Every structure is written in structure tokens, then in C-alpha cells.
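Numbering (our numbering), first residue to last: 369 to 921.
Ideal Cβ positions, reconstructed from N, Cα and C, are used throughout, including at glycine.
These figures come from a predicted structure and were not determined experimentally.
Let me begin by presenting the structure, written as C-alpha cells, before commenting on it.
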Ligand code: GLN
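Written as C-alpha cells, this is what we have:
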């Protein structure tokens with residue numbers, strides 16, 4: 369680009385939520401980055417919570433943690449996975465956060481006696497935040513700003529007003545509005561309906577924002593005629609009314625967008641100079657997702673199994689790890705509470721790997737302990753993440769070391785053996801928001817372990833989000849009984865990775881590896897876990913096939 373003028377693309381959503389605004393924004397990001405541009409993304413969330421860290425997974429889905437320890441919206445996970453850049457706390461802001469900043473300034477007396485108002489003080493803070501992201505690190509060529517919620521919500525008004533002002537200040541050539549909308553198919557009429565889109569755009573225009581491009585979600589195909597009609601009613605050139613049809617995998621979205629000229633039109637509209645896109649590796653990745661040679665089933669034993677968004681990054685990490693193993697990973701969702709009612713084998717005998725993910729609260733914990741016991745005894749590959757490591761330690765302490773009643777202090781204050789406990793620094797913490805062990809911490813890996821084999825190095829850094837820790841006073845006794853401490857944080861002497869010796873693949877980690885898995889760069893532990901599951905399946909199939917052959921003789 370000639371001058372280093374940052375360009376801004378705003379992405380809003382209309383008609384209904386859950387149309388995939390995060391994926392659409394991340395896909396645009398990928399297509400621009402594939403053309404050699406420096407891109408970043410920013411998500412505004414219109415709710416009042418300062419961050420999603422205090423929200424229930426039922427309300428919000430996964431909390432995505434960045435290296436700098438911010439608890440953020442799960443869309444930041446898509447951003448990192450799609451554009452392969454680290455996000456930071458600056459890349460997500462809520463209404464709560466914006467107000468918090470303004471109110472703190474007001475209390476300090478910074479406004480010099482003025483009345484503090486939504487316009488201009490809140491809108492100024494929103495605009496300041498956007499410009500700050502543009503200059504974070506090296507100056508960006510393009511900043512994509514996604515506004516959460518749906519146009520028409522009262523909550524999102526200050527953000528839209530700020531965007532209107534921002535576009536005026538930065539100029540037509542430097543700003544662009546993309547609106548993602550739904551064109552539903554009404555079966556009774558046998559037609560696609562454009563009215564909801566017309567109304568949504570009307571609301572935007574009332575506020576003073578004229579969308580430059582419409583991404584229309586449709587089940588199958590948006591005809592030329594419909595695009596013409598939508599364009600006419602919404603005051604958008606027909607060529608900028610884009611069909612965004614349903615696809616099998618979210619990773620296809622950048623390719624569909626490219627096919628429909630989304631990035632070329634953005635570049636044209638914003639007068640960006642850049643080369644052609646390099647999407648070769650991405651195309652191969654999508655091909656591999658759709659054409660796997662093998663298949664393996666892995667169970668996720670968790671508490672929020674009916675809400676897969678709570679485990680978003682884990683689900684995606686399995687897609688990446690599957691591709692690297694040339695296999696499709698089918699996830700079997702098992703509610704940990706059900707394992708408290710019936711024997712684990714009833715739910716787990718048809719899987720080749722068991723994963724216990726992170727979680728909070730006591731409900732279902734005993735079921736997770738049973739899942740671990742089953743995996744340990746039946747020698748099924750096991751992967752424990754955060755709470756998953758903690759329950760693995762509890763299970764081992766109780767059933768192998770004979771430490772009766774061993775538990776985590778989180779679930780049993782009076783346990784005789786608190787093998788998982790609070791650090792002294794956490795004991796007097798009163799505020800729940802932002803006070804866990806959060807973000808990136810170093811970990812030193814013991815040579816010759818499963819972890820070492822996976823990472824291929826002894827120094828790593830991973831992201832954390834938990835309050836409780838492996839209790840060091842129990843380390844000796846657990847190690848004597850065969851537990852391997854394969855990773856330790858060297859600064860705080862905290863156990864970060866455990867393994868079992870007499871088991872094909874049993875690994876627990878105190879951090880969240882799923883947060884760092886990327887397209888074309890699967891997380892090494894997920895990759896190795898899937899490989900172990902495929903090997904387990906192959907080992908088990910041989911005797912089954914022999915038995916079948918014998919029976920038919
Ligand atoms: N509840 C546990 C803790 O706070 C585990 C947290 C998690 O799994 N993210 O330590």
C-alpha cells in the first residue's frame with residue numbers, strides 16, 4: 369500500500385443472531401492476510417459484563433483466554449485460528465468495559481465539570497479503542513471490527529453511532545460496512561424472502577449507516593433476480609449482494625467468500641493495493657477435512673455436553689488434529705452425571721479415546737473421576753484438561769495410592785487429602801472477575817516423556833484459566849506410585865503436566881492447549897492424542913476381526 373493508512377471494515381449482523389458473524393469476520397481476515405496484508409480483528413460485545421469471565425457457559429459458551437490473560441469472547445478463538453495471529457485484551461471490548469473506563473475517568477475528575485454522556489463520551493471511547501487496535505504493535509493495513517448482537521438491539525446503538533462518526537472522520541475510502549443477514553426460505557410459499565433483510569438494512573440506515581456489502585446467508589442459492597431485488601431495496605449495488613450459502617465446515621467459508629469475490633470487492637471499494645491471494649494450503653486443509661482416510665470416535669466427558677459452544681476450541685482442535693492424522697474425529701458427548709448412574713463402560717466401550725475438559729463446580733465431578741478410572745484401567749487413551757487433570761490426580765490418589773477421601777478443596781473443604789488445593793495467593797481473593805491464574809505461563813518438560821515426544825522441545829508456554837492447583841505436598845507419594853510429573857512451571861514450581869507410565873497414552877494438563885491449536889498447526893498434544901486413539905482402535909480391531917473370522921469358520 370502507498371501510504372500507511374489503515375482501512376476499517378465494520379461487520380454488523382441483522383435479522384437473527386447466530387448467523388456466523390465471527391466466522392464471516394475471521395474469513396474476511398484470512399482472505400486479506402492471504403493477500404499479504406497486515407490484518408487484525410476487534411470484537412465489540414454490547415452486554416454490560418466487563419468480560420465474559422463471570423458468565424455461565426450456558427449464557428455465553430466458551431471463554432477464550434489470550435496470552436496476556438484476558439477472558440474474552442469465543443469469536444477471538446476463531447480470529448486466532450483463521451488469521452493465525454495472537455489476539456490480546458485489546459481485541460475485545462464490552463459495553464461494561466467502555467463504561468468502566470469512562471466512569472473511572474469521571475471519578476478522577478478528568479472531564480473538568482462537564483456532563484458525561486453517551487454522545488460524545490461513550491462514543492469517543494469506542495472510537496479511541498478502534499484506533500488503539502489499529503496501532504497495536506505494527507500499524508495494521510486493515511482492522512475488521514465486529515459488532516456483537518443484532519441491529520435493532522437497544523444495547524448496540526452506541527457502537528453503531530460510534531461507527532457512523534468514525535466513518536465520517538476517516539473518510540469514505542478508508543471505511544466500509546458489511547452487513548451479514550439472513551434470507552430465509554419459506555417452505556409454504558416455496559420462496560426465499562428478502563423482507564427481513566430489507567428491514568434490517570432500514571434500521572441501519574436510520575442510524576446513518578449505509579451498508580456497502582450484504583452477506584446473505586441462504587440455505588442453497590441466491591439467484592441473480594433476488595440479489596437484484598435486495599440491492600434495489602437496500603441501496604447496495606447488486607455485485608455487492610453476496611450469496612453466503614450454508615457449508616459443511618466453517619473452514620470452507622473463506623473459500624466460498626473468495627469464490628464470490630468478497631475480498632476483491634473489499635479491496636476495490638477501499639482502494640487497497642495488494643497481490644493475489646495464496647490459499648493453497650487452506651484449500652488442501654479443507655480437502656483433507658472432507659476426504660479423510662480413517663475415522664475415530666472420542667468421548668468428551670463434561671458437564672455442558674448439550675452446549676457444544678462451551679467447548680468450541682476443543683472441537684476445533686480435534687478438526688485440526690484430525691487433518692494431521694488424515695482422520696475424521698467423531699466426538700461422542702457424554703454427560704459426566706450419567707456416569708454416576710450407570711457403569712462407565714455403558715457409555716465408553718465404543719470410543720477409542722476419552723477427554724475430560726475443564727469445568728467449574730461440583731456437579732458431575734464423581735462421574736468424571738469414574739471416566740478417568742475406566743480410561744486408566746481399560747488402557748484407553750486419556751486426555752485431561754485443567755479440571756480434567758485435577759480429577760485424574762484425585763482418581764489416582766484414591767484408587768492407586770489408597771488416599772481415601774482424596775479430593776479438590778474446590779469441592780470438599782474438609783477433605784483429608786486435598787490433592788488439589790488453592791495457592792496461598794488465592795485464599796483471600798474476594799472478587800471473582802479476572803482473578804484466576806490467567807494467560808500464558810512457562811512450562812519445562814521432562815525429557816523422554818509423552819509430552820516431550822509431542823512438543824519436541826523442553827520449553828513451552830501455554831494458557832491458563834483456573835484457581836486450583838496440584839498440591840505439591842502430595843507430589844512424592846503420587847510419584848512413588850507411578851504418576852509422572854512431566855511438566856512444571858519453573859517460576860512458581862507448579863505441576864503443569866502429568867502422565868502415567870503403564871499406559872499407552874494418559875496425559876493431564878493444567879493449562880488449556882486447545883486455545884493454541886491452529887489451522888495447519890494442530891496442537892501437538894491433540895495431534896498425539898488422536899494418533900494414540902487411532903492406534904488403540906487398530907489394536908482393538910485385530911482381535912475383533914480374528915474373532916469374527918473364527919466365528920464364521
Ligand atoms: N475449577 C478448576 C479450578 O478453578 C478448574 C478450572 C478449569 O477447568 N478451567 O482450578
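| Asked | Found |
| --- | --- |
| Mapping the DSSP letters down to three states, classify residue 925 as helix, strand or coil. | Any question about residue 925 goes unanswered here, given that the chain covers just 369 to 921. |
| Report the CB separation of residue 403 from residue 629 in whole angstroms; it is logged as a contact under 8 angstroms. | Rounded, the Cβ-Cβ distance is 13 angstroms, inconsistent with contact. |
| So within the region 645–712, which uninterrupted beta strand (DSSP E) runs reach at least 3 residues, ignoring any that extend past its ends? | 662–670, 695–703 |
| Quickly, what does DSSP pair residue 581 with across the bridge? List them, please. | 546 |
| Output the distance between the C-alpha atoms of residue 902 and residue 686, rounded to the nearest integer angstrom. | 13 angstroms |
| To the nearest angstrom, how far is it from the Cα of residue 518 to the Cα of residue 558? | 27 angstroms |
| Hey, is residue 503 close to the ligand MG, as in C-beta under 6 angstroms from one of its heavy atoms? | No copy of the ligand MG appears in this structure; the ligands present are the ligand GLN. |
| Beta carbon of residue 834: closer than 6 angstroms to some heavy atom of the ligand GLN? | yes |
| Go to residue 892, then tell me how far its alpha helix (DSSP H) extends in each direction, as first and last residue. | 892–920 |
| Roughly how many angstroms separate the alpha carbons of residue 759 and residue 736, rounded to a whole number? | 7 angstroms |
| Answer yes if the region 432–443 comes into contact with the region 377–387, meaning at least three C-beta pairs across the two stretches below 8 angstroms, and no otherwise. | no |
| If you draw a straight line from the C-alpha of residue 361 to the C-alpha of residue 400, how long is it? | As shown, the chain starts at 369 and ends at 921. That puts residue 361 outside it, with no answer to give. |
| What do you reckon, are the CB atoms on residue 873 and residue 784 nearer than 7 angstroms? | no |
| Spatial neighbours of residue 836 within its chain, please: C-beta separation below 7 angstroms, excluding the five flanking residues on both sides. | 758, 776, 777, 778, 788, 789, 790 |
| Compute the Euclidean distance between the alpha carbons of residue 803 and residue 679, then round it to the nearest angstrom. | 22 angstroms |
| Residues in the same chain with beta-carbon distance under 6 angstroms from residue 908, minus the five sequence neighbours each way, listed in chain order, please. | none |
| Between the Cα of residue 658 and the Cα atoms of 457, 691, 905, which residue gives the shortest distance? | 691 |
| Could you give the DSSP three-state label for residue 369: helix, strand or coil? | Confidence at residue 369 is low in this model, with a pLDDT of 43, below 50, so its placement is unreliable and the value that follows should be read with caution. Correct three-state label for residue 369: coil. |
| Considering only residues of the same chain and omitting the five flanking positions on each side of residue 549, which have a CB-CB separation below 8 angstroms? | 381, 382, 383, 387, 564, 565, 568, 569, 582, 583, 584, 585 |
| Expressed to the nearest angstrom, what Euclidean distance is found between the alpha-carbon atoms of residue 704 and residue 742? | 13 angstroms |
| Go ahead and label residue 605 buried or exposed: buried means 16 or more other beta carbons lie within 10 angstroms of its beta carbon, across all protein chains shown. | exposed |
| Could you work out which residue in 830, 842, 414 is closest to residue 521 when comparing CA atoms only? | 414 |
| May I ask you to list the residues that DSSP assigns as paired with residue 559? | 554 |
| Threshold first: 3 residues or longer. Then list the beta strand (DSSP E) segments lying entirely within the region 420–500, N to C. | 460–462 |
| For residue 531, I'd like the list of residues in its chain whose CB is within less than 7 angstroms of its CB, leaving aside the five on either flank, ordered along the chain. | 378, 577 |
| Determine the direct distance from the alpha carbon of residue 539 to that of residue 373, and round the result to whole angstroms. | 11 angstroms |
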